[in-house]
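Take a look at the structure set out below.
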Amino acid sequence: MTRKELNVFKKQLLNEKALLLQGIGAKMKGSPKTGDPEGGDVCDIASSDRERELTLRLSERGREKLREIEEALERIEDGSFGTCEMCGCKIPKGRLKVMPFSTTCVACKSKEEKQRKLYEGSADYALARDLGSDMNKEDED
Ligand SMILES: [Zn+2]
């Protein structure tokens, strides 16, 4: 991959990061765009409760995405960007354009997804996933 191509991905990642942080910031201030009418009755409380729950979920995903973006930027710096971390092959540029923070090729990704599905439905799923990603990190170092 040329330096120019890497710069395009870097810009894209920085842009996504900015958007993500803007989104989190807007939500923390209480979504000024939709506006919150003064007071509020029981119905409003019920819906804002649900909204809060959604926001919490989004921000958790947002934090995860932010980490993925940061890691992709690091990979651009250390030259491993665009290389599948599982099999070492080159990740197709088309895939990187859609998901610049991809760390695996499509084949490895679907293998990984299959393994994840084994955990789905289990209460330990999130824990297993978190432990798994931590273990992967240690292996890389
Ligand atoms: Zn692969």
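With the first letter of the sequence shown counted as 1, position 78 gets the number 78 in my numbering; the numbers rise by one all the way through. Using N, Cα and C, we set each Cβ at its ideal position, and we do this for glycine too. Just so you know, these numbers come straight off a predicted model, no measurement behind them.
- Excluding the 5 residues preceding and the 5 following Arg95 in the sequence, name in chain order all residues of the same chain whose CB lies nearer than 7 Å to its CB. Ser102 and Val106
- Task: Might you give, ordered along the chain, the residues of its own chain that have their beta carbon closer than 7 Å to the beta carbon of Leu21, omitting 5 neighbours on each side?
- Result: none
- Item | Beta-carbon spacing of Ile91, Glu16 below 8 Å | no
- Give every residue whose Cβ lies closer than 6 Å to any heavy atom of ligand 1, listed in chain order. Cys84, Met86, Cys87, Cys89, Thr104, Cys105, Ala107 and Cys108
- Cβ shell of Pro100 (< 7 Å), same chain only, five flanking positions each side left out: Phe9, Gln12, Leu13 and Ala72
- Message: Buried or exposed for Arg63, going by 16 or more other Cβ atoms inside 10 Å?
- Response: exposed
- Status (buried if at least 16 other CB within 10 Å, exposed otherwise) for Arg67: exposed
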